[in-house]
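So the protein sequences, as listed, match chains A and B.
All residue numbers for the first sequence refer to my numbering, where the first residue is 7 and numbers rise by one.
All residue numbers for the second sequence refer to my numbering, where the first residue is 7 and numbers rise by one.
2 protein chains.
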Amino acid sequence: MNRNQIYLGDCLEVAATFPNDSFDLIMTSPPYADQRKNTYGGIDPDNYVEWFLPRSEQFKRILKSDGSFILNIKEKAVNGERHTYVLNLILALRQQGWLWTEEYIWHKRTPMPGKWPNRFRDSWERCLHFTKQRQFKMYQDAVMVRVGDWKDIRMRTLGENDIVRHESDTNSGFGINKSNFAGREMVYPTNVLHLSGETTNQGHSAAFPIELPAWFIKLFTLPGDVVLDPFFGSGTTGMAALAESRDFIGIEKLAANVRLAEGRLSKAQLRFSEMVGTVGI
Amino acid sequence: MNRNQIYLGDCLEVAATFPNDSFDLIMTSPPYADQRKNTYGGIDPDNYVEWFLPRSEQFKRILKSDGSFILNIKEKAVNGERHTYVLNLILALRQQGWLWTEEYIWHKRTPMPGKWPNRFRDSWERCLHFTKQRQFKMYQDAVMVRVGDWKDIRMRTLGENDIVRHESDTNSGFGINKSNFAGREMVYPTNVLHLSGETTNQGHSAAFPIELPAWFIKLFTLPGDVVLDPFFGSGTTGMAALAESRDFIGIEKLAANVRLAEGRLSKAQLRFSEMVGTVGI
DNA sequence: TAGCAACTTGAATCTACCG
DNA sequence: CCGGTAGATTCAAGTTGCT
Numbered sequence: 007m008n009r010n011q012i013y014l015g016d017c018l019e020v021a022a023t024f025p026n027d028s029f030d031l032i033m034t035s036p037p038y039a040d041q042r043k044n045t046y047g048g049i050d051p052d053n054y055v056e057w058f059l060p061r062s063e064q065f066k067r068i069l070k071s072d073g074s075f076i077l078n079i080k081e082k083a084v085n086g087e088r089h090t091y092v093l094n095l096i097l098a099l100r101q102q103g104w105l106w107t108e109e110y111i112w113h114k115r116t117p118m119p120g121k122w123p124n125r126f127r128d129s130w131e132r133c134l135h136f137t138k139q140r141q142f143k144m145y146q147d148a149v150m151v152r153v154g155d156w157k158d159i160r161m162r163t164l165g166e167n168d169i170v171r172h173e174s175d176t177n178s179g180f181g182i183n184k185s186n187f188a189g190r191e192m193v194y195p196t197n198v199l200h201l202s203g204e205t206t207n208q209g210h211s212a213a214f215p216i217e218l219p220a221w222f223i224k225l226f227t228l229p230g231d232v233v234l235d236p237f238f239g240s241g242t243t244g245m246a247a248l249a250e251s252r253d254f255i256g257i258e259k260l261a262a263n264v265r266l267a268e269g270r271l272s273k274a275q276l277r278f279s280e281m282v283g284t285v286g287i
Numbered sequence: 007m008n009r010n011q012i013y014l015g016d017c018l019e020v021a022a023t024f025p026n027d028s029f030d031l032i033m034t035s036p037p038y039a040d041q042r043k044n045t046y047g048g049i050d051p052d053n054y055v056e057w058f059l060p061r062s063e064q065f066k067r068i069l070k071s072d073g074s075f076i077l078n079i080k081e082k083a084v085n086g087e088r089h090t091y092v093l094n095l096i097l098a099l100r101q102q103g104w105l106w107t108e109e110y111i112w113h114k115r116t117p118m119p120g121k122w123p124n125r126f127r128d129s130w131e132r133c134l135h136f137t138k139q140r141q142f143k144m145y146q147d148a149v150m151v152r153v154g155d156w157k158d159i160r161m162r163t164l165g166e167n168d169i170v171r172h173e174s175d176t177n178s179g180f181g182i183n184k185s186n187f188a189g190r191e192m193v194y195p196t197n198v199l200h201l202s203g204e205t206t207n208q209g210h211s212a213a214f215p216i217e218l219p220a221w222f223i224k225l226f227t228l229p230g231d232v233v234l235d236p237f238f239g240s241g242t243t244g245m246a247a248l249a250e251s252r253d254f255i256g257i258e259k260l261a262a263n264v265r266l267a268e269g270r271l272s273k274a275q276l277r278f279s280e281m282v283g284t285v286g287i
């Protein structure tokens, strides 16, 4: 098992080759249930839990006992109703021995368009936080945000039902110089994350914006720790890990995605090497 | 059964006296599960579903077939874990014949203070939307919001304790002509509501801001329709109904709350009568 | 070069229609 | 009648290109 490497294959089989207690954080966005079988990894909603459980069994084995497992997921609407497979998955994971420690909300600022007679556009997803034990590593100071400084507060496209506070330069820049914020008041965030969805950047699209894994990586790991994403996709979790000076390991089923991710990550590693100077990563 | 009246008693028994298909909307925030029995209606989390189901059976009977049932609820953390009684309640309500049509998120901007080693402050609650059939009344135009009108942004809502992270601080104006306030546009909201969590009333627990029931009342009823809140508390749902020219019916177990609500509502009715002029409500 | 305007595209979901 | 696909709807960012 090598750090900063992507393994090609189904995470059910690849993860089985990893030793126990290897990872500080497992952060992933599995393929969402989809009735259309032709898409990437489309799993029928009715079989989703059954498909997921053997994989999460491996995750539990290879996660350190004080590590965290973050699962970004959202149920689809089927026949006019929200499907219950995510609820059933939470219950099943507890049966498997996981603790359902918290449910964070990712509020997406750019949901998919559309209009229907029975619902509005869906602009939030669950980030379920599971742990193996009640006490686990959590570095709350690493994600504190600045308050005040009204000059920097930017608000756009706000309506009375969708009032959102925008705080500039809280954390967007990687390698930000925190000493610039000396004297500013820092407070802890809540369990609602307000991130814009990442749009297509030069052709490839990511399931979530890099800020999402970056936030949990900062919250639950220290520099040098190892983050696993067993559904690596285009490698956004790996990008975030490198940006935060953590190591990553990715597992991805589709060779095309592995090549895509390797391309993104090698460029990123080069960039960070240059930033640090002569010291490689 | 009289409109704009509060019934004293447990909704299990009071609702049983109401005729079928009487309400256009049932909007309520039931007593949350609580291990401490001394507070208002404290129900043990492990018995919550069993306690709720006979009541929701009545709700289903007295709700019109094209009506909606909005349940504002959030699970507590017990022994370091989120309790699963809300998940189990959703599953049980579906078993009872309800359709779980949508889950709205109420993002509270002023969550309860506090700090714990394993979680952040909880700043969101579920607003579960249940219906009796796939097709139901929904007046989306009634809750449209303006965009691009910076003048209407209410800065007073910004509080020091409310931190919303916003990553994309590119301030490019995506096609909006900021100098042209005349051409403001109305768009539909999403399924995330941003409302202040402050309660203007005192001396009781478990209250939501009036904007929360008002939003769902506008969305799912027309003026003159009837809204039921079977856990009336201090009567915020009734206040919202009156403000939106709907009728309400409240059921409340505690006599003190009934008196409190009657006081608030009679004053409100007077005020609205004056606003409308000589026409009473 | 800054600023605007036009264009493009999403982890969507419903209804209608076909075989 | 069931299952699958096509079409319509919708808006915030990023991208491109022009002045």
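Built from N, CA and C at the ideal position, the CB exists for glycine as well.
Within-8 Å CB hit, residue i to chain A
i	result
B:Glu109	yes
B:Tyr194	yes
B:Lys218	According to the sequence as given, residue 218 of chain B is Leu; it is not Lys. With 8 Å as the cut-off, B:Leu218 does not count as an interface residue toward chain A.
B:Phe238	no
B:Gly103	no
B:Thr243	no
B:Asn2	Residue 2 of chain B lies beyond the stretch modelled for chain B, which goes from 7 to 287, so this question has no answer here.
B:Thr90	yes
B:Pro119	no
B:Leu59	no
B:Trp112	no
Contact with chain B by residue i, beta-carbon distance below 8 Å
i	result
A:Asn8	no
A:Gly73	no
A:Ile223	no
A:Thr227	no
A:Asn124	yes
A:Ser35	no
A:Ser129	yes
A:Arg265	no
A:Glu250	no
A:Glu4	Shown here, chain A extends from 7 to 287; a query on residue 4 of chain A therefore has no answer.
A:Leu95	no
Selected residue, minimal CA-CA separation from residue i, among the options
i	options	result
B:Leu218	B:Leu59, B:Val233, B:His200	B:His200
B:Ile216	B:Pro195, B:Ser240, B:Gly230	B:Ser240
B:Phe238	B:Arg127, B:Pro51, B:Leu14, B:Thr90	B:Leu14
B:Phe58	B:Val198, B:Ala39, B:Pro229, B:Glu250	B:Ala39
A:Phe24	A:Ile12, A:Ala83, A:Gln64, A:Leu31	A:Gln64
B:Asp50	B:Pro60, B:Ile257, B:Pro37	B:Pro37
A:Lys70	A:Phe29, A:Val92, A:Glu109	A:Phe29
A:Ser251	A:Gly269, A:Ile111, A:Gly230	A:Gly230
B:Asp253	B:Val264, B:Ala262, B:Asp235	B:Asp235
A:Arg277	A:Asp147, A:Gly103, A:Leu248, A:Tyr145	A:Leu248
B:Leu54	B:Asn85, B:Asp128, B:Gln146, B:Leu97	Before going further, note that residue 54 of chain B is Tyr rather than Leu in the sequence given. Taking only the C-alpha atoms, the option nearest B:Tyr54 is B:Leu97.
A:Thr116	A:Ala261, A:Asn85, A:Arg127, A:Met192	A:Arg127
B:Asn10	B:Arg265, B:Val232, B:Arg88, B:Asn85	B:Val232
Range of the contiguous alpha helix (DSSP H) that encloses residue i
i	result
B:Ile216	It is not in any alpha helix (DSSP H) - B:Ile216 carries neither H nor E in the DSSP assignment.
B:Gly244	242 to 249
A:Glu19	17 to 20
Residue i, enclosing beta strand (DSSP E) - first and last residue
i	result
A:Ile68	A:Ile68 -> not in any beta strand (DSSP E); alpha helix (DSSP H) instead, spanning 54 to 68.
B:Thr196	No beta strand (DSSP E) contains B:Thr196, which DSSP labels as neither H nor E.
B:Gly48	That residue, B:Gly48, is in no beta strand (DSSP E); it is neither H nor E in DSSP.
A:Val149	Element bounds for A:Val149: n/a, residue is neither H nor E.
A:Tyr38	Careful: A:Tyr38 lies outside any beta strand (DSSP E) and carries neither H nor E.
B:Asp231	Looking at the DSSP string, B:Asp231 is not in any beta strand (DSSP E), and its letter there is neither H nor E.
B:Gly256	253 to 258
Cβ-heavy atom distance, residue i to the ligand COA, below 7 Å
i	result
A:Gln101	Looking for the ligand COA in the displayed structure turns up nothing, as the structure carries no ligands at all.
Sequence-distant residues of the same chain with beta carbon closer than 7 Å to residue i, five excluded per side
i	result
B:Val149	Pro195, Trp221, Lys224, Leu225
A:Glu268	Ile12
B:Trp130	Ile111, Trp112, His113, Lys114
Nonlocal neighbours in the same chain, by C-beta distance under 8 Å from residue i, ignoring five residues either side
i	result
A:Glu166	Confidence at A:Glu166 is low in this model, with a pLDDT of 27, below 50, so its placement is unreliable and no value can be given for it.
A:Asn26	Arg67, Ile68
A:Leu18	Pro60, Arg61, Gln64
A:Leu105	Phe136, Thr137, Lys138, Gln139, Arg140
B:Glu109	Arg132, Cys133, Leu134, His135, Asn197
What ranges does the alpha helix (DSSP H) occupy inside the region 75 to 102 of chain B, keeping only unbroken runs of at least 4 residues that lie completely in it?
You should have 91 to 101.
Whole beta strand (DSSP E) elements within the region 103 to 146 of chain A, 3-residue minimum:
105 to 114, 130 to 137
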